[in-house]
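Novice: Below is a structure I'd like to ask you about.
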Amino acid sequence: MVAAKIAPSMLSSDFANLASEADYMLRCGADWLHMDIM
283 MVAAKIAPSM LSSDFANLAS EADYMLRCGA DWLHMDIM
């Protein structure tokens, strides 16, 4: 069985502090970060 990957969306992040938001998500167990380009 393939293990599920956790990839939270950064769409609701604080864009003024993206580095700290990304670091927080990774420390909380995210495998990948999902970024929408619009």
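Residue numbers (this note's numbering): 283 to 320. Even glycine gets a Cβ: it sits at the ideal position worked out from N, Cα and C.
(1) Looking at the strands, I want to know which residues DSSP matches up with S291.
(2) If I follow the unbroken alpha helix (DSSP H) through M307, where does it start and stop?
(3) Of the choices F297, G311, A304, M317, whose alpha-carbon is the least far from that of A286?
(4) Please return the same chain residues whose Cβ sits closer than 6 Å to the Cβ of M317, not counting the five positions on each side in sequence.
Specialist: Checking against the coordinates, here is how it stands:
(1) Residue 291 sits at position 9 when you count from the first residue of the sequence shown. Looking at the DSSP output, S291 sits in a beta bridge with H316.
(2) As a first step, residue 307 is located in the sequence shown; it is residue number 25 there, counting from the start. M307 -> alpha helix (DSSP H) spans 300-309.
(3) Here residue 286 is taken as the residue at index 4 of the sequence shown, counted from 1. Answer by Cα proximity: G311.
(4) Here residue 317 is taken as the residue at index 35 of the sequence shown, counted from 1. Scanning its chain for C-beta atoms nearer than 6 Å, with the 5 sequence neighbours on each side dropped, one finds around M317 the residues M292, in chain order.
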